[in-house]
Structures are given as C-alpha cells and as structure tokens.
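Asks: Quick note on this note's numbering: the sequence shown kicks off at 1443 and runs consecutively.
C-beta: ideal position from N, C-alpha, C; glycine also.
Okay, handing you the structure first.
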Amino acid sequence: MFSTTFLDLPPLKGATGSVTLPGSKSISNRVLLLSALCQGTTVVHDLLDSDDTRVMLNALRQLGCGLDINGTTVTITGLGGQLAHPSPIEFFMGNAGTAMRPLTAALAVLGGDFTLKGVPRMHERPIGDLVDALRLLGCNIDYLGQEGYPPLHIGQPQLQLDAPIQVRGDVSSQFLTALLMALPLAAQERSITIEVVGELISKPYIEITLNLLERYGIAVERQGWQRFVIPAGSRYQSPGTIHVEADASSASYFIALGAIAEGQGIRVNGVGAASIQGDIRFVEAAEKMGAKVTSGPNWLEIRRGAWPLKAIELDCNHIPDAAMTLVVMALYADGPTLLRNIASWRVKETDRIVAMAAECRKLGATVEEGPDWLRVHPLPLGQLNLPAAQGQWQATGIHTYDDHRVAMCFSLAAFNSAEVPTRIEDPKCVAKTFPDYFEVLFSVAHADPAKIPVICVDGPTASGKGTLASRVAAQLGYHYLDSGALYRVTAYAALQAGLSLEARDEPAIAQLARNLPVRFEGEQVLLNHIDVTDAIRSEQGGMNASKVSVLPAVREALVDLQLGFRRLPGLLADGRDMGTVIFPAAPLKVFLTASAAKRAERRHKQLISKGFSANIDSLRADLEARDARDMSRSVAPLQPAQDALQLDNSSLTIEASVEQVLDWWQSRQVFG
Ligand code: DC
C-alpha cells in the first residue's frame, strides 16, 4: 500500500495483463454480520481485507463472536441471536457506512448498552431515517451529538412488531438493508412487514442483501420494491462455507482501463457475468461508451473498442458507485456525457458530485452539475481532432477527500494525451476497499520508460547516500536501486563460484552478473533465495565489490539489470554512475558529500554500535585514501554528474537532507 502523502503517476500509455481483485465490500460486511448473527460456524473465503471490514471485525469481536482470521479466510462462530458479551460496549465505526448502518439496526433489535461513534465525516452522514424506523418498532436509540447523525446510544428495546415498519428508501438503501438483516432476529413468532416510503434507490444493493439472506436461511417475500415480508419462524442458519465475489465496483477501474488504454486487453478474475452485485452492470455502460467486453461466470476481458470513447447519457441509479468511473471515461469521449439520478453521491464518503466536478475542472475539463446530475465535457485526445473537446489537460494534484473511489477514478487521468503526470493526494485512502489498488494498476499499466522519473544519488563512501536515497524513495513511494549492492552481490557470487576477482576472470564474472539471481526484499538482499545481506554488507564485501566494479565487462553486464529497476511509479537510484551512465537523463541528480572527519565519526559510531572496535583517526585516513583512489580510478571514477546538485550534509540531520532533496524534487514538478 502507498502510505505516502501523495503519489505521482507518470503519463501512462497502455495496459495489458490480468488482475485478481479483492472481495466485494458490500458482500464482505454483510456476510460478516450474518455469520455473526446466525447459529453455527461459517468459513468465509476471499473476504476483503480493508478499513471497512476491519471495523466490522472489531465490532464483532467486541460482541464476543469467535473469529479465526487466516489471510482472506475467516472462520466465524455466530452468536445465535444471543449477545455473549456483557454491556456496555463502545464501538468505533471509522467512516464505514456498510458497518455502521446494519450494526446499528441489529444492535437496536438485540438491545444492550451500546455507543457507536466514527470519524468526523461519519458524524455528518445521515442516519435519521433508519433511527426513525427503528424507533417506530420500539427500539431505544438516542443521538449523542446532532439529531439525525451519529454518534448514537442504543438501549433495551420494547419491540412492537404488529404494524408494518416504514422506512424511507430515497436516501440510502443501506437503511432497508439494515432492517432486512436485523428483523429476522425478532421474527420467531410473527411475520414482520417492512414498507418502503418513497422511491427505493440503489435497488441492486437490496438484491445482494436478499440473495445473501437466502444463503443464511431467510426467505424474504418481496412485493415489488415497496413491501418486504420476513416470514414467521425465520431463523438464521449458517451456510457452512461461503465465497465472497471480487468487488464489481473495484472492477470498474479495470474495465475502464481496458476501454481507455491501448494494448492486448485486461482480464479481471473473481467477478463476471454470474455476479450478484449490481455494479456488474457497469459493463453495459462501458460497452455503450465503446469498450469490447467478453465474460464468463467469474471473469471479464476488456479491450479498447471505439476511440475516442462514445459520449453517453445514462440514468445511473442502478450503478451508483461504479458510475463515478464513467466521469473519468467521459474525459476521453467524443462529446459531453450526462450522468443522471446520482443524488445518493451527495451523502457518500464525501459529496461526490462536488468532488468529481471540482477535480475534473482542475484537470482542465468543463463540467456542469445539478442537484442529481453531472455533465462532463471531454478533453483533447492528442492527434485526433475532437471538435467537442474543451480546454486542455492540466497537470494537477487530485484532492481525494478521504474517498477511495475518487482516488481510483482519477488514476485513469494518467492516460491523458498531453502526457502530463497526475498527482493523487493521500493515496492510502484506497485502503477502504482496495489497499493494493495502485500496485495492481502498475502491474498492468505501461509507461514510456523515459517518462518514469528517476532521482540519482551518489557521493563518497560513508556520506549517507544509501540512507538518504531509501528515505526519499519511501516518501515518494518509489522503487529503490542500491547499485552498490549489485556489485557486492556479483563479487560474492563470483567468489562462491570459485572465481578470482581479477581481470583474468572478467568474462566469467560478467557472465555471472548478466544472469544474477538477485532479489531485493525491503532491506534484505537475496541471492538464489538465500539471504546474503550481512555477508555483502561487511567491509570485506565492500572491498570485493570495489575490485569487480573496475572490470568494464562486469559494468556492462549489469546495465540491463539496473535499467530494469525503472518501473512505475518511479525510482531512486543510488550509486557511482547512476547519473552519468545508467540514467544520464534523470531529472534530478544529487551528489551527497560530508567532510572526511564527519564521515569517519559516523562510521565509527556505526561500527561501535555493532560491537566492533574502531579507531576514528585510522578510519579517517582510510576514507581519505579511498576517496583519492575512487576519484582517480579510470573506470567509473567518483565524480558528480555535471548537472548534479551538491548537498554537503556534514552539519545536517538525515531528516533535513531528505527535506532538501524533496524540495528540489517538488520545485521541478509541473503540478499547478
Ligand atoms: O555503495 P557501496 O559501498 O555498496 O559500493 C560498493 C563498491 O561498488 C564501491 O567500491 C563502489 C562500487 N560501485 C560502483 O562502482 N558503481 C556503482 N554504481 C555502485 C557502486
């Protein structure tokens, strides 16, 4: 997951490959609650691991459910309609609507002494209609803050279930879902009727609820979309085992990707034509816009069809979440796209109508908005002359409003024809439903390697360049190439193979280097799956590296391996010839220095802390001798690239050096 403050996406060109998506949020949280309410043990496979499901799992644990979590498989021992845990309990619901609403209803029907709170945004998301309905049936619920919004307190109910229970259907379908899941707990002796007041929105989510209730033994009788009857004698029963489908809303970004990007197409695994999720109908919307889609029961394949995409007008009530993806597709269309019936966007993680319009405008697009609609005009498509296009693509920082879908949608702006980068602020907000979204995107998206940013850091031995480079990489979410480690590993592998490190074995060492089975995992360096980190990091390891690094054939053999580190979204390259030979066009090169005295002092501290004895004066003499040798050697001498910026960190903390490099980097960015 990218937990950086922003993530810069270089301009993307195409996409090819297959992706496996995380489980559906809607199904995951329903299945968790139903498994908790029923009698018996349920094994849930392919559960989504995200902020929202973690909120639900924590709540269930607080209620006393047995939980055994093993990756994406969770075994849940249900409460059987009885609360094992003594009250009172305070629940923290974060910003998880899919946990807050159904849990409120279930707890209100079961009764206890419960407080439910969330993040500030959760306290702005309405829950009054659900509370009204629950109060009508005798539940005891109080607002602890503003009327109509969380936080809430729940006490013991006095249930009156004879008259039909009325709930508004036109604010959020989650209210009806919550009642449908809670009321079977009270339907042992009598049937219970729910009546929807007003037009029911987001019907597909109700379909998911009904479908899953059936899997847990509750056969709701539906009369149109207005009346729902839970038959007398209803009782939750565990299905034993259940599989969570991949999230159809998450699939929308990859369906859009297949429609927008040039390439051999995208295959999505885990969700397909047999899905019970309403958002699977996003496929039809994407097809209308020109995507070519083929599907099986649990897979989809998407290729670019019409280009530019075709502008559409669509009532989006049936795909409220996935429809956000159409907004960004509309930027690549042949005319203005009108999305109607999207009022529910206003009460989601953020006001999504405002958010989508504002961010599209920052990208340069013209957008009109109404109470429940958006009209998005396209932006230019490069060589294609597009009369409908208005404005120009702008490089901009996309604000994401703590809304996962805003972040994922706007990643698709990186395919813009102006080939400008796109900055996604707070990229970790995707954790709500899809923690690895950007990693999965990068696994299939291509960029022109020359457009993938590289920052080079070099400097004399013990200047602290490794620490600096890896910290800057972490701040930007970039890959990190420790090229010195490649020379160290090469020397190590050569000695293991019985070679000398002299010129006479140069061809053999070069051959070895060309096929080096090396892998970096965090701080660890693996050679042939064996951890060689400590072995190559010794002083001797450095001397050996220095010997093989003067062999031109070895340097040549390592070029491709090093170039291969230039991957999305960017690279920090640390080492001798990074800015001169390997990445000469890198947009930022830093030459890090420190006085010999300072470096000797640091190395001394480092050695002492590792339990080695050391003498500062001789360390300093060694460093000075090595500097002289390094600077005067004929092969890859230690010299700053001509366009390198010098940073003397003798009197700087590491944090200050990192700040300086990040400042230099920011000042070279094009974001408005
Ligand atoms: O950065 P380091 O101490 O791990 O480097 C080990 C040796 O390899 C050192 O002598 C410099 C050399 N080296 C090189 O010649 N070219 C590089 N790109 C990186 C390191």
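Taking just the CA atoms, how far does N1970 sit from T1909?
Replies: Translated into the one-based positions of the sequence shown, residue 1909 becomes position 467. Translated into the one-based positions of the sequence shown, residue 1970 becomes position 528. In a straight line, the C-alpha of T1909 is about 25 Å away from that of N1970.
Asks: Mind pulling the alpha helix (DSSP H) runs of 4 or more residues that sit fully within the region 1486-1574?
Replies: 1493-1505 and 1539-1552
Asks: Using 8 Å as the cut-off, can you tell me whether the region 1748-1756 makes contact with the region 1774-1783, which would need three or more C-beta pairs spanning the two stretches below that distance?
Replies: yes
Asks: Unbroken beta strand (DSSP E) runs of length 3 or more, entirely within the region 1828-1869: which are they?
Replies: 1864-1867
Asks: According to DSSP, is W1815 helix, strand or coil?
Replies: In the sequence shown, residue 1815 corresponds to position 373, counting from 1. Here W1815 sits in strand by DSSP.
Asks: Can you confirm whether F1533, when its beta carbon is compared against all beta carbons of chain D, has any partner nearer than 7 Å?
Replies: Included in the structure is just one protein chain, with no chain D present.
Asks: Does DSSP classify E1656 as helix, strand or coil?
Replies: Mapped onto the sequence shown, residue 1656 falls at position 214. Here E1656 sits in helix by DSSP.
Asks: Between the alpha carbons of G1554 and L1627, how many angstroms are there, rounded?
Replies: Looking up residue 1554 in the sequence shown gives position 112. Looking up residue 1627 in the sequence shown gives position 185. Whole-angstrom Cα-Cα distance: 14 Å.
Asks: For L1652 and L1578, I'd like the C-alpha separation in whole angstroms.
Replies: Along the sequence shown, one-based indexing puts residue 1652 at 210. Along the sequence shown, one-based indexing puts residue 1578 at 136. Straight-line Cα distance between these residues: approximately 23 Å.
Asks: Restricting to Cα atoms, I'd like to know which of L2010, L2014 and A1977 is closest to R1913.
Replies: In the sequence shown, counting from the first residue as 1, residue 1913 sits at position 471. The candidate whose alpha carbon is nearest that of R1913 is L2014.
Asks: Roughly how many angstroms separate the alpha carbons of A2039 and A2063, rounded to a whole number?
Replies: Here residue 2039 corresponds to residue number 597 of the sequence shown, with the count starting at 1. Here residue 2063 corresponds to residue number 621 of the sequence shown, with the count starting at 1. Take the alpha-carbon of A2039 and the one of A2063: they are about 9 Å apart.
Asks: Using only alpha-carbon positions, find the residue among P1562, E1791, A1478 and K1559 that is nearest to G1522.
Replies: Here residue 1522 refers to the residue found at position 80 of the sequence shown. Check the Cα spacing between G1522 and each of P1562, E1791, A1478 and K1559: the tightest is with A1478.
Asks: Cβ of G1407 versus every heavy atom of the ligand DC: is any distance shorter than 6 Å?
Replies: Residue 1407 is absent from the structure shown; the chain starts at 1443 and stops at 2114.
Asks: Beta-carbon separation of T1462 and G1712 under 7 Å?
Replies: What you label residue 1462 is simply residue 20 of the sequence shown in a count that begins at 1. What you label residue 1712 is simply residue 270 of the sequence shown in a count that begins at 1. In this structure, T1462 places its C-beta atom within 7 Å of the C-beta atom of G1712.
Asks: Using only CA atoms, which one of D1494, F1534, D1488 and I2058 lies nearest to L1505?
Replies: Reading the sequence shown from its first residue, position 63 is the one you call residue 1505. Of D1494, F1534, D1488 and I2058, the residue nearest in Cα terms is F1534.
Asks: Flag this pair as touching only if the region 2060-2075 and the region 1932-1942 have three or more C-beta atom pairs under 8 Å; answer yes or no.
Replies: no
Asks: Count the CB pairs spanning the region 1598-1617 and the region 1568-1575 that are closer than 8 Å, and state whether there are at least three.
Replies: yes
Asks: Starting from D1900, follow its DSSP beta bridges and name the residues at the other end.
Replies: Within the sequence shown, the letter at position 458 stands for residue 1900. F2033, per the DSSP bridge assignment.
Asks: Considering only their Cβ atoms, is the gap separating L1489 from G1465 smaller than 7 Å?
Replies: Reading the sequence shown from its first residue, position 23 is the one you call residue 1465. Reading the sequence shown from its first residue, position 47 is the one you call residue 1489. Against a cut-off of 7 Å, the Cβ pair of L1489 and G1465 comes out as a contact.
Asks: Have a look at Q1630, M1766, N1957 and N1740 and flag the residue whose alpha-carbon is nearest the alpha-carbon of E1998.
Replies: Here residue 1998 refers to the residue found at position 556 when the sequence shown is read from its first residue. It is N1957 whose Cα lies nearest to the Cα of E1998.
Asks: So D1584 is in the beta strand (DSSP E); what residue range does that whole segment cover?
Replies: Counting from 1 along the sequence shown, the entry for residue 1584 is found at position 142. That run of the beta strand (DSSP E) goes I1583 to Y1585.
Asks: Keeping to the same chain, check which residues put their C-beta closer than 7 Å to that of R1723; ignore five residues upstream and five downstream.
Replies: Walking along the sequence shown from the start, residue 1723 turns up at place 281. Within the same chain, R1723 has close Cβ partners H1760 and I1761.
Asks: Quick check: does the Cβ of S1988 come within less than 6 Å of any heavy atom belonging to the ligand DC?
Replies: Position 546 of the sequence shown, counted from the first residue, corresponds to residue 1988. S1988: yes, Cβ under 6 Å from the ligand DC.
Asks: Touch check for the region 1791-1802 and the region 1729-1747: three-plus C-beta pairs under 8 Å?
Replies: no
Asks: When the Cα of V1960 is compared with those of K1870, R1946, Y1658 and F2007, which residue comes out closest?
Replies: As a first step, residue 1960 must be located in the sequence shown, where it is residue number 518. V1960 has its Cα closest to that of F2007, out of K1870, R1946, Y1658 and F2007.
Asks: Using DSSP bridges, identify the partner residues of K1752.
Replies: Within the sequence shown, residue 1752 is the residue found at index 310, counting from 1. DSSP, once it has assigned bridges, lists no residue as partnering K1752.
Asks: Quick one: Cα of S2117 to Cα of S1980, how far?
Replies: Residue coverage of the chain in this structure runs from 1443 to 2114, which leaves residue 2117 outside it and unanswerable.
Asks: Alpha carbon to alpha carbon, how far is F1556 from L1549? Give it in angstroms, no decimals.
Replies: Within the sequence shown, the letter at position 107 stands for residue 1549. Within the sequence shown, the letter at position 114 stands for residue 1556. Using only the alpha carbons, I get a separation of about 8 Å.
Asks: With T1875 and K1467 assumed to form a contact (beta carbons below 8 Å), what rounded beta-carbon distance in angstroms separates them?
Replies: By one-based count along the sequence shown, residue 1875 stands at place 433. By one-based count along the sequence shown, residue 1467 stands at place 25. Correct: roughly 5 Å between the Cβ atoms.
Asks: Does the ligand DC have a heavy atom nearer than 6 Å to the CB of R2018?
Replies: By one-based count along the sequence shown, residue 2018 stands at place 576. At least one heavy atom of the ligand DC sits closer than 6 Å to the Cβ of R2018.
Asks: Would you mind working out which of S1885, V1497, P1593 and V1899 sits nearest L2104, comparing C-alpha positions?
Replies: Here residue 2104 refers to the residue found at position 662 when the sequence shown is read from its first residue. Of S1885, V1497, P1593 and V1899, the residue nearest in Cα terms is V1899.
Asks: Taking 7 Å as the threshold (C-beta atoms), are M1443 and K1870 in contact?
Replies: Residue mapping note: residue 1870 aligns to position 428 of the sequence shown, counting from 1. Residue mapping note: residue 1443 aligns to position 1 of the sequence shown, counting from 1. Yes, the pair counts as a contact, with Cβ atoms nearer than the cut-off.
Asks: Report the option in A1703, Q1825, V1710 and K1790 whose CA atom is closest to the CA atom of M1771.
Replies: Residue 1771 sits at position 329 when you count from the first residue of the sequence shown. Checking every option, the nearest Cα to that of M1771 belongs to A1703.
Asks: Alpha carbon to alpha carbon, what distance is there between P1891 and Q1668?
Replies: Translated into the one-based positions of the sequence shown, residue 1668 becomes position 226. Translated into the one-based positions of the sequence shown, residue 1891 becomes position 449. Whole-angstrom Cα-Cα distance: 56 Å.
Asks: Look at the alpha carbon of V1848 and the alpha carbon of N1740, and state the distance between them as a whole number of angstroms.
Replies: Residue mapping note: residue 1848 aligns to position 406 of the sequence shown, counting from 1. Residue mapping note: residue 1740 aligns to position 298 of the sequence shown, counting from 1. Taking the straight line from one Cα to the other gives about 26 Å.
Asks: With DSSP as the reference, label Q1630 as helix, strand or coil.
Replies: On the sequence shown, residue 1630 is found 188 positions in, with the first residue counted as 1. Of the three classes helix, strand and coil, the one that applies to Q1630 here is coil, per DSSP.
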